[in-house]
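Asker: Structure below; questions to follow.
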Amino acid sequence: MAISKVPGTTVLRLVLQTGVDGSANPVYRNKNLNNVRPEATDQDLFDVARALAGLQEYPLAGVNRIDNARLVQA
């Protein structure tokens with residue numbers, strides 16, 4: 383039987399560096415933006431993340447796109 387992938391939700395995650403710990407390792411905090419359109423391009427999401435980073439208290443350390451999907455038997 384064939385398996386089909388059914389797109390689900392997409393999340394845009396901004397990874398912010400909030401400081402360093404006692405061992406001088408960076409400490410990060412994630413900010414998630416839910417209900418992102420799955421058809422949004424990677425470039426568009428990156429541009430939005432960079433624009434939102436300017437409004438944050440901490441510097442942007444990374445941008446993650448998290449796509450969720452269901453696998454169903456067809």
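If you read the sequence shown in the working numbering, its first letter stands for residue 383, the second for the next number, and so on. The beta-carbon is built from N, C-alpha and C at its ideal position, and this holds for glycine as well. Given the structure is predicted, the values throughout are model-derived calculations rather than measurements.
Are arginine 395 and asparagine 407 close, meaning C-beta to C-beta below 8 Å?
Answerer: Position 13 of the sequence shown, counted from the first residue, corresponds to residue 395. Position 25 of the sequence shown, counted from the first residue, corresponds to residue 407. Cβ distance not < 8 Å, so arginine 395 and asparagine 407 don't count as in contact.
Asker: Among Asn450, Arg452, Ala384, Arg432, which has the Cα closest to the Cα of alanine 443?
Answerer: Taking the sequence shown and counting its residues from 1, one reaches residue 443 at position 61. Ranking the options by Cα distance to alanine 443, first place goes to Arg432.
Asker: Kindly indicate the opening and closing residues of the alpha helix (DSSP H) around alanine 431.
Answerer: Numbered from its first residue, the sequence shown carries residue 431 at position 49. Taken as a continuous stretch (DSSP letters only), the alpha helix (DSSP H) holding alanine 431 covers 424 to 435.
Asker: Report buried or exposed for threonine 392, applying the criterion of at least 16 other Cβ atoms within 10 angstroms of its Cβ.
Answerer: Your numbering for residue 392 matches position 10 in the sequence shown. Result: buried.
Asker: Return the first residue and the last residue of the beta strand (DSSP E) that asparagine 412 is part of.
Answerer: In the sequence shown, counting from the first residue as 1, residue 412 sits at position 30. Unbroken beta strand (DSSP E) run through asparagine 412: 408 to 418.
Asker: Compare the C-alpha of asparagine 416 against each of Met383, Ile448, Ser386, Arg452 and name the closest.
Answerer: As a position in the sequence shown, residue 416 is number 34, starting the count at 1. The shortest C-alpha separation from asparagine 416 is found at Ile448.
Asker: Let me confirm a value: leucine 437 is counted as buried when at least 16 other C-beta atoms fall within 10 Å, else exposed. Which label applies?
Answerer: Along the sequence shown, one-based indexing puts residue 437 at 55. By the neighbour-count rule (16 or more Cβ atoms within 10 Å), leucine 437 is not buried but exposed.
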